[in-house]
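Right, one structure below, let's go through it.
Residue numbers (UniProt numbering): 1 to 305.
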């Protein structure tokens with residue numbers, strides 16, 4: 001399946017039971033809600049998916065289960081965030097063998113690679129697979145920036161690098177990428193609190209987090225912006241903002257899973273060393289969720305836009 005790299009692509013959570021096993025029943029319920037809302041792809045095993053805690057067997061199960069649920073409706077993409085180039089190449093090969101249709105690729109983890117090392121890392125992985133790739137550019141959290149010059153080299157040598165998850169927190173970077181590369185690379189905003197602004201600036205889509213709990217609201221904002229109805233998109237976005245801010249936190253997984261409980265699309269279970277929120281912080285996050293749920297907006301018909 002060709003990937004268009006546009007629209008809303010949820011970075012979904014991984015569902016666990018209270019016994020720390022994969023909860024595929026709740027997972028399927030959530031994926032079906034994403035499909036019903038009109039998302040354009042499913043991204044597995046990102047930070048929100050607790051990738052660092054998943055075994056290879058669990059990743060295989062999640063890919064194959066998602067392919068079964070989606071049944072060709074949208075592409076299934078898996079994140080790569082391994083400790084070495086060799087491990088990353090193996091995950092890429094595994095993903096292709098399992099049937100995944102694309103990869104999201106972080107720079108080297110646990111080591112602040114140089115620009116040259118980062119480019120070589122990406123190139124080696126790209127050359128090991130035929131799957132299309134979206135580079136995850138998040139220097140705020142991962143301390144490595146993929147610069148325009150680095151993209152220039154990567155795009156010249158790697159035709160399968162087709163998109164970027166733009167998480168630099170600098171909206172003007174959308175314009176720089178468009179000015180330099182045009183449609184050669186698709187741009188998807190990777191920061192929930194900058195999504196509407198990024199799409200107005202020309203981003204092609206949104207790799208979203210709070211979509212895990214609020215799929216319809218997320219897709220509605222994207223559709224409305226692309227249809228030019230900024231006023232209606234802003235009405236929803238302004239309501240959404242306190243929730244979206246839960247995504248830019250070290251506890252984003254716990255925060256978003258608590259929101260999934262509120263909308264009936266998930267459970268609170270996380271995998272250690274993460275623990276469910278407690279005390280004052282739990283009360284604060286629950287208060288944000290409760291306040292938003294009390295005034296959850298009615299949505300216009302957006303799917304036909």
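Virtual Cβ for every residue (Gly too), placed ideally from N, Cα, C.
Between the options, which has its C-alpha nearest residue i's C-alpha?
{"i": "residue 114", "options": "91, 143, 129 and 135", "result": "143"}
{"i": "residue 292", "options": "14, 252 and 210", "result": "210"}
{"i": "residue 355", "options": "76, 34, 67 and 88", "result": "Residue 355 is absent from the structure shown; the chain starts at 1 and stops at 305."}
{"i": "residue 186", "options": "174, 146 and 197", "result": "174"}
{"i": "residue 48", "options": "256, 303 and 301", "result": "256"}
{"i": "residue 13", "options": "302, 289, 283 and 251", "result": "251"}
Please find out if some non-hydrogen atom of the ligand NAP comes closer than 7 Å to the beta-carbon of residue i.
{"i": "residue 267", "result": "With respect to the ligand NAP, the structure shown offers nothing to examine, as it has no ligands at all."}
Suppose you measure from the CA of residue i to the CA of residue j; what does that come to, to the nearest Å?
{"i": "residue 16", "j": "residue 180", "result": "43 Å"}
{"i": "residue 92", "j": "residue 103", "result": "7 Å"}
{"i": "residue 254", "j": "residue 248", "result": "12 Å"}
{"i": "residue 152", "j": "residue 45", "result": "27 Å"}
{"i": "residue 98", "j": "residue 64", "result": "7 Å"}
{"i": "residue 9", "j": "residue 36", "result": "13 Å"}
{"i": "residue 124", "j": "residue 158", "result": "10 Å"}
{"i": "residue 234", "j": "residue 178", "result": "24 Å"}
{"i": "residue 128", "j": "residue 287", "result": "47 Å"}
{"i": "residue 60", "j": "residue 95", "result": "8 Å"}
{"i": "residue 112", "j": "residue 298", "result": "45 Å"}
{"i": "residue 306", "j": "residue 117", "result": "There is simply no residue 306 to check, as the chain begins at 1 and stops at 305 in what is shown."}
{"i": "residue 74", "j": "residue 277", "result": "33 Å"}
{"i": "residue 90", "j": "residue 238", "result": "42 Å"}
{"i": "residue 169", "j": "residue 24", "result": "34 Å"}
{"i": "residue 289", "j": "residue 262", "result": "7 Å"}
{"i": "residue 19", "j": "residue 305", "result": "43 Å"}
{"i": "residue 1", "j": "residue 40", "result": "12 Å"}
{"i": "residue 146", "j": "residue 199", "result": "20 Å"}
{"i": "residue 121", "j": "residue 3", "result": "23 Å"}
Given a cut-off of 8 Å on the beta-carbon distance, is the pair residue i and residue j in contact?
{"i": "residue 100", "j": "residue 78", "result": "yes"}
{"i": "residue 279", "j": "residue 6", "result": "no"}
{"i": "residue 43", "j": "residue 207", "result": "yes"}
{"i": "residue 212", "j": "residue 260", "result": "yes"}
{"i": "residue 258", "j": "residue 285", "result": "yes"}
{"i": "residue 266", "j": "residue 32", "result": "no"}
{"i": "residue 154", "j": "residue 119", "result": "yes"}
{"i": "residue 106", "j": "residue 126", "result": "no"}
{"i": "residue 76", "j": "residue 70", "result": "yes"}
{"i": "residue 160", "j": "residue 131", "result": "yes"}
{"i": "residue 201", "j": "residue 171", "result": "yes"}
{"i": "residue 22", "j": "residue 58", "result": "yes"}
{"i": "residue 38", "j": "residue 303", "result": "yes"}
{"i": "residue 232", "j": "residue 300", "result": "yes"}
Can you confirm whether residue i, when its beta carbon is compared against all beta carbons of chain B, has any partner nearer than 8 Å?
{"i": "residue 265", "result": "Of the chains in the structure shown, none is chain B; there is only one protein chain."}
At 3 residues or longer, and completely inside the stretch 200-253: list those beta strand (DSSP E) runs for me, N to C.
205-208
Can you find at least 3 beta carbon pairs, one from the stretch 123-140 and one from the stretch 161-169, that sit closer than 8 Å?
yes
For the 8 Å Cβ check, are there 3 or more pairs between the stretch 215-231 and the stretch 181-191?
no
contact_flag[the stretch 234-245, the stretch 261-276] where n(CB pairs < 8 Å) is 3 or more:
no
For the stretch 59-142, list the beta strand (DSSP E) runs that are entirely contained and at least 3 residues long, ordered along the chain.
76-80, 102-105 and 133-137
Minimum length 4: unbroken alpha helix (DSSP H) runs contained in the stretch 7-61
24-37
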